[in-house]
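Just so you know, we're using this note's numbering here: the sequence shown kicks off at 16 and counts up by one.
All C-beta atoms in this analysis are idealised placements derived from N, C-alpha and C, irrespective of residue type, glycine included.
Since the model is a prediction, treat every value here as computed from it, not as a measurement.
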Amino acid sequence: MDLDAFRWLLTDDGQQLLTDATTAAADVDDELALQNALRRRATAAQVTVALTQVDLRRRAEQKFGDLATRMYFTPEGLEQATRLSVATHRAGRLRSAATASLLDLGCGIGGDLVASAAAGITTAGVDLDPVRVAVAEANLAALDLPGAVAVADATTVDTSPFDVAYADPARRSGRGRIFSPDGWSPPWSFVEELLRRPSCVKVAPGIPHELVPDGVEAEWVSDHGEVKEAALWSGRLCTTRRRATVIGEGGLATITDEDAPSPGEGGAGVRPVGEYLYEPDGAVIRAGLVTAVAAGVGGGLLDEHIAYVVSDQAFHTPFARGYRVVDVLPYREKQLKAALRERGVGTLTIKKRGVSVTPEELRQRLALRGDMTATLVLTRVAGHGTALLVEPF
């Protein structure tokens, strides 16, 4: 994005063009005709930046809801930005820990700055990219929130004046996603040093447990069933070793390793198929807290290496989706096909864990034609392939 064109967009003339472009884009399908119409009033760069914002605001509604229509974005900044619900949870946690001031090291377009400032935390952010800094400043101003943003190298900034330092290392390059923490920007060595003081660092959900330093809490967060991130909390912000937080329609719930049964306590071991099956949320699985869910529903595991929980009791839990086990069907394909056809099943949802099955290919081979809808779980029980016919409750 051209910095001068973006700054022009914030002027009165630029804001009028953005308003007109938003209105016109809703009525005109021909993008070339729309560009030509707007070009009568502004330069090509100015029209491009306005239309880019119209498109990005539309795409940003999934992450930022109603705020998206008042905010500004860059394509990369929107992709990397934290979803507002997750950023709001983080800001609430910081506020609960009596955080008065926060320094965002690599603030991007300011998504976390917005959430922290809205929570009443004095916020400041730095970023190497002047465009992202300008966008972050514009977002704070557009939402009437206080905060300061500057162009600076996050690795050289003195964090000592702030209660908490926050970082979200870039995990993408021009060649795609970077899986090695040493290739992040800033790299893992910077993260480790930062975690020696009260800090929060957003990392990839796939971070290995063994990589988390001693004395640091790892929290995995999902939003409406989709795992969004992991966050590392250090210093006084660390309250446990591992945590899973789930955000859904009913609000927010969290579970920690303190909720899991200790070895030798009994319970949450491997058990036979019960009347109910529970599919833990992805954040719970990433955090290694499946046994905590099992303990919470008075159940156990189908297999010690598979994230399915079974119980003879029906519970509604935010940490797992529950199913009633209708029947145990033959696992062999020919007999399975006959059993499903006998039940008139035509539409089949297939879930699987711990078995080498491709659901799409199996569904084609079954060639079901009935009127009934069903859910089939393929997994292992006592080392053997098992097919469970289930229904959500």
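- Around the C-beta of L47, fewer than 16 other C-beta atoms lie within 10 Å, and the residue is accordingly described as exposed.
- A contact is defined here as three or more CB-CB pairs under 8 angstroms, and the stretch 212-231 fails this definition with respect to the stretch 264-279.
- V166 is not a Cβ neighbour of A182, given a cutoff of 8 angstroms.
- Taking C-alpha positions only, S200 is separated from V216 by approximately 12 angstroms.
- Relative to the Cα of G359, the nearest Cα in the group D386, V341, Q379, P374 belongs to D386.
- A buried status is given to E244, since no fewer than 16 other beta-carbon atoms sit within 10 Å of its beta-carbon.
- For Y338, the closest alpha carbon among the candidates R347, D119, L351, V324 is that of V324.
- Along the stretch 69-134, the alpha helix (DSSP H) occurs as fully enclosed runs of 4 or more residues at 90-95, 99-111, 126-133, listed in sequence order.
- Per DSSP, the continuous alpha helix (DSSP H) segment holding P145 begins and ends at 145-157.
- One thing to note: V64 has its Cβ within 8 angstroms of the Cβ of F21.
- Taking A185 as reference, the option from F194, V179, D178, F177 with the minimal CA-CA separation is F194.
- The alpha-carbon separation between A283 and L155 amounts to approximately 48 angstroms.
- According to DSSP, P295 shares a beta bridge with A335.
- When the Cα atoms are used, L18 and R378 turn out to be separated by approximately 51 angstroms.
- Rounded to whole angstroms, the gap between the alpha carbons of D238 and P333 is 11 angstroms.
- DSSP, reduced to helix, strand and coil, places I222 outside both helices and strands of the structure shown, so it counts as coil.
- DSSP places R186 in the coil class of the three-state scheme, outside both helix and strand.
- For V305, the enclosing alpha helix (DSSP H) starts and ends at 305-311.
- Ranking E94, T254, L66, L118 by CA distance to the CA of Q77 puts E94 first.
- Partner residues in the beta bridge of R258, as assigned by DSSP, are E234, T271.
- Going by beta carbons, E376 and T390 fall outside the 8 angstroms limit.
- Proximity to V261 across Y291, D296, A275, L247 peaks at D296, based on C-alpha coordinates.
- With contact defined as three or more Cβ pairs closer than 8 angstroms, the stretch 99-107 and the stretch 124-136 are in contact.
- When secondary structure is reduced to three states using DSSP, V341 falls in the strand class.
- The Cβ-Cβ distance between L363 and L292 does not fall below 8 angstroms.
- Per DSSP, the continuous beta strand (DSSP E) segment holding E241 begins and ends at 241-248.
- Closest in alpha carbon position to D144, among T138, A169, L344, G162, is A169.
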